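Report on the structure given below.
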Amino acid sequence: MKNSNRSILIGAAMLMATSAIGPGFLTQTTVFTEQLLASFGFVILMSIIIDIGAQTNIWRIIAVSEKRAQDIANDVLPGLGYFLAALIVAGGLAFNIGNIAGAGLGTNVLFGISPQLGAVLSGVLAIGIFLVKEAGRVMDRFTQILGFVMIGLTIYVMFTAQPPVGEAVTKTFVPDTIDFLAIVTLVGGTVGGYITFAGGHRLIEAGLKGKSALPEVTRSSVYAIGVASIMRVFLFLAVLGVVSQGFALDEGNPPASVFQLAAGNIGYKMFGVVMWAAAVTSVVGAAYTSVSFIRTFSPTLERNHRYLTISFIAISTLVFAFVGQPVSILVLVGSVNGLILPIALGVMLIAAHKSKIVGTYKHPIWMTVFGIFVVIAMSYMGIYTLIDGIPSLFE
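Here is the structure:
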């Protein structure tokens, strides 16, 4: 494999992985571990298997068709791509406000400045990446460095927490309880919404596509899930170590209390770094991917996609700085976001068997079957969360 290709593949994988590892990822993992204890290992294992099934399907079909997801969707059914793009952009914008808020919280922990000021400074830094001529390369390197920093610090906290590793391994395969809602929540948090498309679209932009690239694309898709899962496993063990010692986590900020209880004030500062890194890389990933869903709709959008990305980050930052987190919008769009993966994956599976889209490529039967299983499971839970989410807006 050429060094340039290797760099692109790793960059795409890290973009997807760090897009997944955001403020919600940290909180979600912490809360579920506190509830399920060592049995949460089983949830992680099942979600990894489903994540790989969903992501390898999507990345392979994007690569072999040599088109972005919205254009594939329009080829399957005219207008469907616009609908998918609207869902992605709306969800990406709403969650980017949450990501910006997380970046502000991280800087508040580190430097004591207000979350609003920290959010604005973080937003300016993210915008700076897309002002550079080689924005794609800078984005790849930025997410790689911060991704490894996050994992490294979490490993340190895990060791200081002294988790019961033997029990965690046992319960991963023989759990006390099986929580299906937790499994689907983790899948949605790892490959839901815009996240799974971040790396796939990055590969298309970098020119790594076609049938000949499929082995590399498949490896990159699995590597991306692997990185996100490693972070999940280490955070799970860190939380398990803390709660196994009888400590109660702070309900207001569960992941912060894990780092603090495990490693004192130094651990708390480490949480600030991890939270900021998780949030700002998710800001970059959400903006890049959301804009990648609309840039192909006209030559003007394609020509000005960099400025669209900058505007996307600026709007997210300004909304948080002046309005705060619009909870009602986040709830509603979060519920809708749960439907994006089954819709998108379903469209991709149909496209995989249309010769006008994929040419002579033959999609493996087992991947199609696996993909259909994911579509059914995520559709059920997506509809459930949508029905559950809308009434909560009026409470």
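This note's numbering puts the first residue of the sequence shown at 1176, with every later residue one more than the last.
The C-beta atom is built at its ideal place from N, Cα and C for all residues, glycine as well.
Keep in mind the model is a prediction, meaning the values are calculated, not measured.
Expected contact under 8 Å - CB spacing of residue i and residue j to nearest Å
i	j	result
Leu-1262	Ile-1490	So it is not a contact: roughly 18 Å between Cβ atoms.
Leu-1389	Ala-1238	6 Å
Phe-1487	Val-1466	6 Å
Ile-1225	Val-1522	No, Ile-1225 and Val-1522 are not in contact; Cβ-Cβ is about 18 Å, not under 8 Å.
Ile-1400	Ile-1227	5 Å
Ala-1187	Arg-1377	4 Å
Asp-1425	Ser-1432	4 Å
Ala-1453	Met-1325	6 Å
Where the alpha helix (DSSP H) containing residue i begins and where it ends
i	result
His-1376	1370 to 1380
Ala-1357	1355 to 1366
Leu-1262	1255 to 1286
Gly-1521	1515 to 1526
Asp-1250	1244 to 1251
Tyr-1482	1480 to 1497
Gly-1427	No alpha helix (DSSP H) holds Gly-1427; DSSP gives it neither H nor E.
Asp-1315	1310 to 1336
Phe-1411	1389 to 1419
Glu-1342	1340 to 1348
Arg-1470	Segment: none, Arg-1470 is in no alpha helix (DSSP H) and carries neither H nor E.
Lys-1531	1530 to 1533
Phe-1217	1215 to 1240
Ile-1141	Past the boundaries of the shown model lies residue 1141; the chain is included only from 1176 to 1570, so the question cannot be answered.
Phe-1305	1290 to 1306
Buried or exposed by the 16-neighbour rule on C-beta atoms within 10 Å, applied to residue i
i	result
Leu-1415	buried
Leu-1412	buried
Asn-1274	buried
Asp-1315	buried
Phe-1348	exposed
Gln-1210	exposed
Val-1149	In this structure the chain extends from 1176 to 1570, so residue 1149 is not present and cannot be described.
Gly-1298	buried
Ile-1532	buried
Phe-1468	buried
Pro-1253	exposed
Ser-1387	exposed
Other residues of its chain near residue i: CB distance less than 7 Å, five sequence neighbours each side excluded
i	result
Ile-1370	Met-1191, Ser-1194, Ala-1195
Leu-1280	Pro-1290, Met-1450
Arg-1407	Thr-1204, Ile-1219
Pro-1517	Val-1550, Met-1553, Ser-1554, Gly-1557
Gly-1382	none
Chain-order list of residues whose beta-carbon lies under 8 Å from that of residue i (same chain, five-residue window excluded)
i	result
Phe-1207	Phe-1215, Val-1218, Asp-1354, Ala-1357, Thr-1360, Leu-1361
Gly-1385	Ala-1238, Val-1239, Glu-1241
Leu-1292	Gly-1279, Thr-1282
Beta-carbon proximity list for residue i, same chain, < 6 Å, skipping 5 on both sides
i	result
Trp-1234	Gly-1375, Val-1392, Ser-1396
Thr-1318	Met-1189, Leu-1190, Thr-1193, Thr-1456
Leu-1410	Thr-1204, Thr-1329
Ala-1336	Ala-1413, Gly-1416, Val-1417, Ala-1437
Pro-1338	Leu-1412, Leu-1415, Gly-1416
Ile-1485	Ile-1302, Phe-1305
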